[in-house]
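Residue numbers (my numbering), protein chains in the order written: chain W, 5 to 346; chain P, 5 to 346. Below is one structure, written out as structure tokens; the observations come after it.
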DNA sequence: AGTTAGCACTCGGCACACGAGAGTGCTAAC
DNA sequence: GTTAGCACTCTCGTGTGCCGAGTGCTAACT
């Protein structure tokens, strides 16, 4: 729906006023706080139209107007001006992120913390998905008399490790042989193929070595499994209880929702690129009915990869928060670009 | 203070009634639900005494009595019978714990989850402190063109790793030499000595190799640092919002408190062995004013090590929860005993 | 046709009162 | 030391009345 200029101004003023105070905005206060020079009655007429068309609602007859979800959506799509973080904030963010850029996990943890600190809401970042990653190299190290460590390096540069117990005494000779055999058998194998049946056929080919390999194979399978899962970094969950307009019920819902990593990952990956804001029912999840989710996909080498996201209440400074999410997603992408190294 | 038998019975009935219902208990209901065969008036007299002595309080004149913190403390110390988990629950716990007993971290994460699931409250476990641990062995692996991985095995069997970037191309020859040199220089060194000045003197002794070692040394220093810190595993934080009698203020306090790992670790390690229950102000922390903390130290090879703990509301089934904390701490200790392997 | 002034109207929030019910403390008798 | 009886206190839910903010409508104006 196309709105007239004045109605746009009024809608914008109401959305921003409501965001700032949490109170429905009346025709009189609206005129005081904007430069619009018409009478309150005119504003009321426009407000009545906007209410009829679903952009505003009245909590009760003698209250002002607050924006509906539709109204906020229109504001975001047509009226809002994205606010990038200030120069000082950008400098701070870049400096912090660079200092954590040793591994992707660390960088993403740091990014989540920064975003949460900056906005005061709950931030979530994801590692890049490992689509099509293959096994690049395997290391086997002895770490104890009966324990060893399997390290898996993928073609995407990801490194994951896992300890496993052995029912034989671990010696340098054995780990060396194991490592050689495993690399020979598994180098180049896609992570997605590291299934139980496949491992059994691999194990069958080991002949007399079979005695020493089972635990290592199980560990490698676990690592491959785990490496394919998207890792989530969450920061500022405790802030959920400090968010404006968040009642216990909403807080419970949001916390419960975030307990399921799969659920969160699925939601964050349900848009393909750029910045997206979902408000209330747009999240398509009953537990997020009163929440906002702002998320951005970051890119590595020009390809859409992981996600940077912010969970907040329905009433938030969308312009500022979306600006921050977008900025941090870009920064994370750039740093991960530099990190690619195989 | 020594109480008469009937008063003990009455206090116990009030504490347990209050725990079960959350409502102050009246003289009449008390008689209905216990086998005490005296008149309500007698009970009222005793209740008046118990109130005067600080064990009970009245929210208002026409309400029954609820236990004060002093009353609950007396109940825990003198009246309560610890309830161990049922045979079935024990079997379940043991089976779950065994299946996670590959690394101490995993086991403790699993223990926290079990404790939280069993009680419905928020559980925290800690890894054993690494007092006096020394470097047992160091592995250096190439993981990318410019990245490598340092793995540190301590004399206590702990294994920790960290990736680091190198400003030279990482080859098998270099990692092998590095590993040899680092092991020679650092094996047997206590983690607590891995400080910056010490590392500088070590670096100085490397001669021409100096070019290749700085990043590895920094990584090892970081690992040593990190390995000396107590790791906390927290489970069921989202349950804080579902606990009975927990208002938003208390929930905020508890969540904020748990944000600081040092703070939590300090509190958990402030008793030396066995089972401890702290209620309300006994926690000596304003944010835990309305909370209960039940914690137990587990032992490895007969020596007090880490801690298993439960954060809950003031009103909880102390007998059951303390029983569970105690049981799981024992189970964790036993499994860690078996895991020691150097 | 759009804008404005005026005015009656609606409704939430607050204060207050009132009765019912639960549970007590006190007194006098056992 | 224990008990029965009774008056008392306090919370909670309900109902009433008033205030004020903000509206919608109508009629007049540009």
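Cβ coordinates follow ideal geometry from the N, Cα and C atoms, glycine included.
| Check | Outcome |
| --- | --- |
| Span of the alpha helix (DSSP H), counted from its first residue to its last, around residue 260 of chain P | 252 to 263 |
| Euclidean distance between Cα positions of residue 342 of chain P and residue 161 of chain P | 12 Å |
| Beta-carbon gap between residue 104 of chain W and residue 241 of chain W smaller than 8 Å | no |
| Burial state of residue 166 of chain P, where buried means 16 or more other Cβ atoms lie within 10 Å | buried |
| Nearest-angstrom beta carbon gap, residue 245 of chain W and residue 259 of chain P [assumed within contact, 8 Å] | 6 Å |
| Residues near residue 72 of chain P by beta carbon distance below 8 Å, same chain, minus five either side | 58, 59, 60 and 61 |
| For residue 166 of chain P, the first and last residue of its enclosing beta strand (DSSP E) | 163 to 169 |
| For residue 299 of chain W: DSSP bridge partner residues | W:280 and W:313 |
| Test: residue 313 of chain P CB closer than 8 Å to a CB of chain W | no |
| Chain W contact for residue 265 of chain P (CB, 8 Å cutoff) | no |
| Complete alpha helix (DSSP H) runs within the stretch 112 to 191 of chain W (minimum length 4 residues, chain order) | 176 to 190 |
| Bridge partners - residue 61 of chain P, DSSP secondary structure assignment | P:70 |
| Residues near residue 185 of chain W by beta carbon distance below 7 Å, same chain, minus five either side | 210 and 213 |
| Per-residue DSSP class, three states only, for residue 86 of chain P | coil |
| Cβ shell of residue 38 of chain P (< 6 Å), same chain only, five flanking positions each side left out | 17 |
| Nonlocal neighbours in the same chain, by C-beta distance under 8 Å from residue 200 of chain W, ignoring five residues either side | 225 |
| Separation of residue 119 of chain W from residue 149 of chain W, as counted between CA atoms | 44 Å |
| Of the residues P:270, P:115 and P:292, the one placed nearest residue 333 of chain P, counting alpha carbons only | P:115 |
| Any chain P beta carbon closer than 8 Å to residue 305 of chain W | no |
| Span separating the alpha-carbon of residue 222 of chain W from that of residue 223 of chain P | 29 Å |
| Three CB pairs or more closer than 8 Å across the stretch 294 to 305 of chain W and the stretch 82 to 96 of chain W | no |
| Chain-ordered chain W contacts of residue 155 of chain P [CB-CB under 7 Å] | 145 and 153 |
| Boundaries (first-last residue) of the beta strand (DSSP E) holding residue 231 of chain W | Residue 231 of chain W -> not in any beta strand (DSSP E); alpha helix (DSSP H) instead, spanning 218 to 232. |
| Residues sharing a beta bridge with residue 304 of chain P, DSSP | P:307 |
| Proximity to residue 56 of chain W [Cα-Cα], best of W:5, W:329, W:194 and W:106 | W:5 |
| Touch test, the stretch 302 to 319 of chain W against the stretch 260 to 279 of chain W, Cβ-Cβ under 8 Å, three pairs minimum | yes |
| Per DSSP, the bridge partner or partners of residue 29 of chain W | W:69 |
| Terminal residues of the beta strand (DSSP E) in which residue 104 of chain P lies | Neither: residue 104 of chain P is in no beta strand (DSSP E) and is coded neither H nor E. |
| Counted within 10 angstroms of its Cβ, other Cβ atoms place residue 261 of chain W as buried (16 or more) or exposed | buried |
| Neighbour-count burial assignment, residue 235 of chain W, 16 or more Cβ in a 10 Å radius | buried |
| Interface partners of residue 252 of chain W on chain P, CB under 7 Å | 245 and 252 |
| Enclosing alpha helix (DSSP H) for residue 46 of chain W [first to last residue] | 44 to 56 |
| Residue 201 of chain P in three-state terms, based on DSSP | helix |
| Supposed close pair residue 154 of chain P, residue 170 of chain P - CB separation, criterion 8 Å | No, residue 154 of chain P and residue 170 of chain P are not in contact; Cβ-Cβ is about 11 Å, not under 8 Å. |
| Simplified DSSP state of residue 236 of chain W, which is helix, strand or coil | strand |
| Cβ neighbours of residue 330 of chain P in the same chain (closer than 6 Å, five flanking residues each side left out) | 279 and 300 |
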